[in-house]
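Remarks on the structure that follows.
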């Protein structure tokens with residue numbers, strides 16, 4: 245049994261890699277729908293998912309996985325087939341720098357990238373000026389032009405609207421308004437000040453949930469100053485060709501969502517009355533004549549699923565990182581010069597902010613043809629893998645480096661080859677230190693994995709992100725508490741492994757008996 | 017059995033071993049005696065292939081020690097150091113048998129050899145299942161000795177094997193070591209700074225000073241006719257009693 249230990253090590257490596265690299269279980273899906281990370285986008289995505297499923301398609305909805313750039317790139321890369329977008333955003337961001345005189349030009353430019361644009365879904369989500377119904381009646385105004393004869397009206401605006409080139413200054417010029425001394429305030433604060441009567445007018449998005457909640461009225465943009473932000477579907481032309489039912493499903497929503505309806509749906513979700521799925525189903529049943537019951541998972545089921553996804557992210561990043569990290573640690577110890585570069589490299593990885601790392605990795609992962617966004621995203625797994633490396637590499641290195649010289653030399657003179665020495669002597673003696681590194685990596689990993697939700701990778705970050713969006717503390721805790729518990733559990737599991745595999749001779753408590 | 021011809025060693029330009037010629041016959045016990053820093057340990061480590069000589073040639077059992085031969089040379093060597101250099105993660109039995117397992121020895125043969133060595137080194141039978149940190153200092157050195165002897169080396173290299181022990185245990189182990197040398201008939205190169213120890217073991221003593229052999233010969237000869245002031249002083253300093 246000359247190579248028993250080597251065989252054991254190889255088996256262990258194979259098991260770690262097989263389990264770690266096994267793909268995430270995934271059901272077969274025909275169409276993938278994306279949405280951006282705000283309520284309205286998620287509700288619209290849910291509508292399309294429900295309709296597509298009604299039409300017999302297997303549809304997956306990658307919710308709230310990013311901002312415009314990330315989601316649009318995913319569409320072009322074919323990671324998703326369709327998502328809701330706004331014409332104003334298409335002009336200003338997606339086709340930024342291109343000349344887009346009209347809608348036809350926009351369609352042509354998108355078509356060049358293989359992307360189709362639907363008709364308007366029925367509403368525009370643009371900037372608007374709002375005031376309470378009561379105050380509007382008192383002042384007797386209904387149009388932006390009316391502000392001109394009310395120089396004493398108290399206006400407070402969000403910082404963003406104040407600063408934008410096409411914001412307050414341009415608006416003031418167009419309508420020739422007299423108001424000066426307009427303060428910049430936070431969005432939520434402006435809303436509260438408006439209700440308290442401390443200010444008269446502020447800027448809002450025209451489908452904002454607070455419009456219905458606070459019974460606000462919007463001033464008509466009678467000089468057509470604000471750009472149109474008509475909601476539309478952006479979809480891959482080839483997907484629409486392949487799945488006629490998807491195109492039909494998209495058409496059923498077109499032209500049917502009014503601004504007031506969208507405000508109400510947003511409010512239902514943000515006030516916590518309905519889930520996005522339920523709000524979407526309710527709308528469809530009312531306006532599209534469907535009979536859909538939104539499968540509303542209980543919170544327990546939701547968390548159980550997220551825990552499972554979370555563990556999947558941890559499994560796919562940590563296990564390969566153990567193999568690679570220990571190998572790199574050994575390399576560092578054997579080749580000090582290369583080692584310094586490797587250690588500096590993995591240390592540097594650790595300092596890259598997670599968001600930056602995700603965004604940097606996205607195009608690379610997509611270019612390699614892996615799933616870059618959505619549940620089980622390879623991007624998130626890769627980022628987590630990178631963050632795991634440092635503690636494992638460093639501890640493997642210091643663990644072997646810290647072995648007494650006499651022990652190593654005795655093994656050498658005893659005639660053990662380098663491999664045998666590594667497998668029989670160095671790695672086993674360094675094992676407690678290596679396990680400590682793995683434990684650090686694992687605990688960090690569980691925490692970092694919540695950030696994967698930024699690109700829709702699933703896991704417990706998802707309820708946290710959603711909780712932040714709809715301002716629901718219980719939802720945030722429903723993600724945060726299981727994540728913390730998971731970290732503790734994983735730590736205990738590694739403690740248990742340590743207890744089971746580290747021989748008595750390496751445990752601190754057994755002092756020498758002289 | 018063991019030959020060194022013109023062997024030198026310099027670390028970063030500082031010479032620690034001056035040109036050295038030393039021939040040790042089969043079965044001879046040679047002690048390198050000297051203060052710390054005199055180069056005696058470096059000589060031992062060069063023979064073990066742990067340090068490469070700056071110049072000169074070492075042969076063990078007529079095999080020149082070089083990168084190509086080092087594995088073959090080491091099969092002829094047993095190596096024991098002051099702190100034992102034991103494997104902390106293995107119990108006593110596995111410490112002793114690790115090399116044999118890698119040589120592919122069958123279990124019964126290993127057990128026989130183990131029993132033989134336990135008897136020879138007076139290692140307590142019940143200690144075989146213990147880990148090094150559960151053994152006393154004397155037991156650890158006996159274990160280290162067993163491990164070095166397991167594959168029946170022709171040459172034993174010992175670096176201050178009794179250095180870390182208290183006097184009583186030291187005396188016992190000294191006696192046992194001497195018996196082991198006699199029973200195995202191994203060629204022995206032992207490094208120590210202790211005059212009494214040198215006297216107890218040596219067929220021939222080499223007194224070392226600043227990287228060269230100041231005097232070599234039988235122990236009595238060294239005591240009676242020191243070759244120079246250094247040897248006289250070194251010997252004198254350790255002859256306090258009676």
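Residue numbers (the numbering used here), protein chains in the order written: chain A, 245 to 758; chain B, 17 to 258.
Glycine included, every Cβ here is placed at the ideal spot set by N, Cα and C.
{"Item": "According to DSSP, is residue 755 of chain A helix, strand or coil?", "Value": "Residue confidence is low: residue 755 of chain A scores 41 on pLDDT, short of 50, so the model does not pin down where it sits. Its coordinate-derived value is still stated next. Reduced to three states, the DSSP call for residue 755 of chain A is coil."}
{"Item": "Return no unless some Cβ of chain A is closer than 9 Å to the Cβ of residue 32 of chain B.", "Value": "no"}
{"Item": "Between which two residues does the alpha helix (DSSP H) holding residue 56 of chain B run?", "Value": "56-63"}
{"Item": "Between the Cα of residue 440 of chain A and those of A:449, A:451, A:747, A:458, spot the shortest distance and give me the residue it belongs to.", "Value": "A:458"}
{"Item": "By Cβ distance below 6 Å, which residues in the same chain neighbour residue 601 of chain A in space, the five residues on each side in sequence not counted?", "Value": "627"}
{"Item": "Any beta-carbon of chain A closer than 9 Å to the one on residue 15 of chain B?", "Value": "With chain B covering 17 to 258 only, the question about residue 15 of chain B has no answer from this structure."}
{"Item": "Measuring straight from C-alpha to C-alpha, what distance separates residue 113 of chain B and residue 126 of chain B?", "Value": "7 Å"}
{"Item": "Taking all protein chains shown into account, decide if residue 213 of chain B is buried (16 or more other Cβ within 10 angstroms of its Cβ) or exposed.", "Value": "buried"}
{"Item": "Kindly list the residues whose CB is nearer than 7 Å to the CB of residue 146 of chain B, restricted to its own chain and excluding five residues on each side of it in sequence; keep chain order.", "Value": "107, 108"}
{"Item": "Is the beta carbon of residue 414 of chain A less than 9 Å from the beta carbon of residue 469 of chain A?", "Value": "yes"}
{"Item": "Look at the alpha carbon of residue 141 of chain B and the alpha carbon of residue 245 of chain B, and state the distance between them as a whole number of angstroms.", "Value": "48 Å"}
{"Item": "How big is the Cα-Cα spacing for residue 500 of chain A and residue 365 of chain A?", "Value": "6 Å"}
{"Item": "Can you have a look at residue 552 of chain A and say buried or exposed, based on whether 16 or more other CB atoms are within 10 angstroms of its CB?", "Value": "exposed"}
{"Item": "Relative to the ligand GDP, is the shortest distance from any of its heavy atoms to the C-beta of residue 240 of chain B smaller than 8 Å?", "Value": "Absence of the ligand GDP is noted for the structure shown, with no ligands found whatsoever."}
{"Item": "Give the straight-line distance between the Cα atoms of residue 123 of chain B and residue 653 of chain A, rounded to the nearest whole angstrom.", "Value": "26 Å"}
{"Item": "Counting only C-beta atoms, is residue 127 of chain B closer than 9 Å to chain A at any point?", "Value": "no"}
{"Item": "Just how far apart, CA to CA, sit residue 52 of chain B and residue 32 of chain B?", "Value": "12 Å"}
{"Item": "Along the region 663-674 of chain A, where does the CB come closer than 9 Å to a CB of chain B? Name the residues.", "Value": "664, 668, 669, 672, 673"}
{"Item": "Quick check on the burial criterion: 16 or more other C-beta atoms within 10 angstroms. Buried or exposed for residue 618 of chain A?", "Value": "buried"}
{"Item": "So residue 115 of chain B contacts chain A; which residues on that side make the cut at Cβ distance below 8 Å?", "Value": "658, 659, 660"}
{"Item": "Work out the CA separation of residue 714 of chain A and residue 531 of chain A for me, nearest whole Å.", "Value": "25 Å"}
{"Item": "Short check: CB of residue 401 of chain A to CB of residue 434 of chain A, under 9 Å?", "Value": "yes"}
{"Item": "Counting only the same chain and skipping the five closest in sequence on each side, list residues whose C-beta sits under 7 Å from that of residue 787 of chain A.", "Value": "What is shown of chain A runs 245 to 758, which leaves residue 787 of chain A out entirely."}
{"Item": "Using the beta-carbon count (16 or more within 10 Å), is residue 27 of chain B buried or exposed?", "Value": "exposed"}
{"Item": "Note down the Cα distance separating residue 453 of chain A from residue 512 of chain A, rounded to an integer number of angstroms.", "Value": "8 Å"}
{"Item": "Check the DSSP bridge columns for residue 277 of chain A and list the partner residues they point to.", "Value": "A:305, A:326"}
{"Item": "Let me know if residue 64 of chain B comes out buried or exposed under the rule of 16 or more other beta-carbons within 10 Å of its beta-carbon.", "Value": "buried"}
{"Item": "Skipping 5 residues on each side, what residues in its chain have a beta carbon closer than 6 Å to that of residue 646 of chain A?", "Value": "none"}
{"Item": "At a CB distance below 9 Å, what residues from the region 89-113 of chain B approach chain A? Give them in sequence order.", "Value": "90, 91, 93, 94, 95, 96, 97, 98, 99, 100, 101, 102, 103, 104, 105, 106, 107"}
{"Item": "Below 8 Å on the Cβ atoms is my guess for residue 554 of chain A versus residue 664 of chain A; work out the distance and round it to an integer in Å.", "Value": "At roughly 40 Å, the Cβ-Cβ gap does not stay under 8 Å, so residue 554 of chain A and residue 664 of chain A are not in contact."}
{"Item": "In the DSSP output, which residue or residues are listed as bridge partners for residue 373 of chain A?", "Value": "A:447"}
{"Item": "Please name the residue, chosen from B:243, B:61, B:144, that lies closest to residue 223 of chain B on a Cα-to-Cα basis.", "Value": "B:243"}
{"Item": "Which residue or residues does DSSP assign as beta-bridge partners of residue 14 of chain B?", "Value": "No information on residue 14 of chain B is available, as it lies outside the stretch 17 to 258 that chain B covers here."}
{"Item": "Cutting at 7 Å between CB atoms, please list the residues of its own chain near residue 220 of chain B, excluding the five before and the five after it.", "Value": "44, 46, 232, 233, 234"}
{"Item": "Since residue 650 of chain A meets chain B, which of its residues come closer than 7 Å, beta carbon to beta carbon?", "Value": "97, 99, 101"}
{"Item": "Is it right to say residue 749 of chain A is buried, meaning 16 or more other beta carbons lie within 10 angstroms of its own, or is it exposed?", "Value": "buried"}
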